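Here the numbering used here is used: the first residue of the sequence shown is 352, the next is one more, and so on.
The C-beta atom is built at its ideal place from N, Cα and C for all residues, glycine as well.
Note that this is a predicted model, so its numbers are computed, not measured.
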Amino acid sequence: MSRRSGYPGGCFRHPDGYQGAEVSLAFLRDITERKRSEEALKESEAKYRNLFESAHDAIFLIKEGRFVDCNTETLIMFHAGRAQIIGKSPWDLSPSQQADGAGSLEKSRESIQAALNGEPQFFEWRYLRNDGSPFEAEVSLNRIPIGGETFLQAVVRDVTERKRMEASTRESERRYRILFETAQEAILIMKGIIFVDCNPAAERLYGCSCQEILGSTPFRFSPDFQPDGQPSQEKGTELVHDVIQKGPQRFEWVHQALDGRRFEVEVSLSQFHIAGQSHLFVMERDITNQKRAQEELRALSLIDELTGLYNRRGFLTLARQQLKMADRMHRGLFLLFADLDDLKNINDDYG
């Protein structure tokens with residue numbers, strides 16, 4: 352029977368006698384709350400089942416060390432049917448040993464016991480698909496009560512591809528590190544204008560340890576001015592701006608080591624990104640000897656070898672420089688000729 356509200360009630364009829372007359376007694380029990388609870392439980396179970404089946408991770412229910420239920424993703428992940436999963440133990444779907452050398456049986460039982468003791472477990476595990484091929488997974492293991500009984504819920508995520516990519520990245524980084532460490536050119540990595548890494552060749556070039564270089568700016572290892580007269584900090588800042596706005600830059604630079612020694616380098620400067628953050632790749636080649644040789648050749652072309660004085664070419668070169676400076680300073684220029692050691696005739700004829 353139903354109440355006016357629409358919720359059902361319960362009726363129990365018992366034939367009995369009352370003062371010699373045959374009567375029926377009806378006992379009514381209000382089961383509204385029970386029915387509401389049952390409907391709520393059914394709705395909750397339906398929601399759970401929907402989540403259980405639509406999850407993108409494999410989900411197991413474990414009772415007494417064996418699988419008693421699993422979702423569809425489990426069958427896809429293990430390339431198996433339910434009959435090949437249900438009733439099995441975790442170690443039945445695993446190789447005899449895990450990646451760390453531990454036995455799957457012992458390690459699995461330890462994790463199960465810890466979870467049953469109320470300690471949630473999260474670990475990496477190597478499973479076997481139904482065809483015997485291994486795959487790497489992350490496992491979350493938790494104790495859950497269902498219908499007054501204790502179960503374990505295992506959520507398994509296939510991380511094989513992620514592991515493969517991580518291994519590939521590690522190998523790439525290892526190769527890069529070998530090239531970085533063994534390169535003959537000085538290589539430095541900058542974040543902003545701060546050195547964050549350098550190789551042994553940079554230590555040799557700068558004449559100090561990597562620890563002394565890291566955390567510093569290039570200007571710590573530069574004179575106040577570059578050969579063109581521009582302040583080092585101003586010129587360096589412009590070059591960093593250019594590499595970010597225009598792309599890789601190549602230029603010459605004069606450094607000054609911590610002991611005061613100066614050396615010239617050819618710099619290749621480019622931008623790259625690590626984890627989404629901009630860095631600068633600096634490769635430097637020592638050209639001090641090359642520049643010294645060039646200067647010696649230049650001097651030979653300007654200086655008379657016999658007298659050590661400027662020859663005609665040297666005179667004209669110096670004169671052009673002085674004329675430009677006089678024009679820039681808006682002042683006059685006097686030119687005096689002096690014949691030293693009566694060598695004018697020789698210089699005129701052979702200089």
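Using a 10 angstroms sphere on the CB of residue 424, the tally of other CB atoms reaches 16 or more, which defines it as buried. If you check the CB distance, residue 479 and residue 446 come in under 9 Å.
By the neighbour-count definition (other C-beta atoms within 10 Å, threshold 16), residue 587 is a buried residue. Residues of the same chain with a CB within less than 7 Å of the CB of residue 561, apart from the 5 flanking positions on each side, are 549 and 554 in chain order.
It is roughly 22 Å from the alpha-carbon of residue 422 to the alpha-carbon of residue 467. By the criterion of a C-beta distance shorter than 6 Å, residue 537 is surrounded in its chain by 552, 553, 556 and 635, once the five residues flanking it on both sides are discounted. For residue 419, the CB contacts under 6 Å within the same chain, skipping 5 residues up- and downstream, are 412 in chain order. The beta carbon of residue 511 lies closer than 6 Å to those of 486 and 487 in the same chain, with the five residues before and after it left out. Around the beta carbon of residue 463, 16 or more other beta carbons sit within 10 angstroms, so the residue counts as buried.
With a minimum length of 3 residues, the unbroken runs of beta strand (DSSP E) contained wholly in the segment 430 to 491 fall at 472 to 479. In this structure, residue 492 lies near residue 473, with their beta-carbon atoms less than 9 Å apart. At the C-beta level, residue 426 and residue 410 stay beyond 9 Å of one another.
Where residue 531 is concerned, the enclosing alpha helix (DSSP H) starts and stops at 511 to 533. Going by C-alpha positions, residue 668 is about 19 Å away from residue 580. In the displayed model, residue 493 falls within a strand according to three-state DSSP.
The C-beta distance from residue 622 to residue 631 rounds to 6 Å, short enough to fall under 8 Å.
Within the segment 608 to 657, the beta strand (DSSP E) runs of at least 3 residues that lie entirely inside it are, in chain order, 613 to 625 and 628 to 637. Judged by beta-carbon spacing, residue 407 lies beyond the 9 Å limit of residue 481, meaning their Cβ atoms are not closer than that value.
Setting aside the 5 residues that flank it on each side, residue 639 is surrounded in the same chain by 614 and 615, each with a C-beta closer than 6 Å to its C-beta; the list follows chain order.
Nearest Cα to residue 567 within the set 542, 382 and 495: 542.
In the three-state DSSP reduction, residue 579 falls in the coil class, being neither helix nor strand.
DSSP places residue 417 in the uninterrupted beta strand (DSSP E) bounded by 417 to 421.
In the displayed model, residue 686 falls within coil according to three-state DSSP, outside both helix and strand. Short of 8 Å from the beta carbon of residue 532, and not among the five residues preceding or following it, lie these beta carbons of its own chain, in chain order: 550 and 551.
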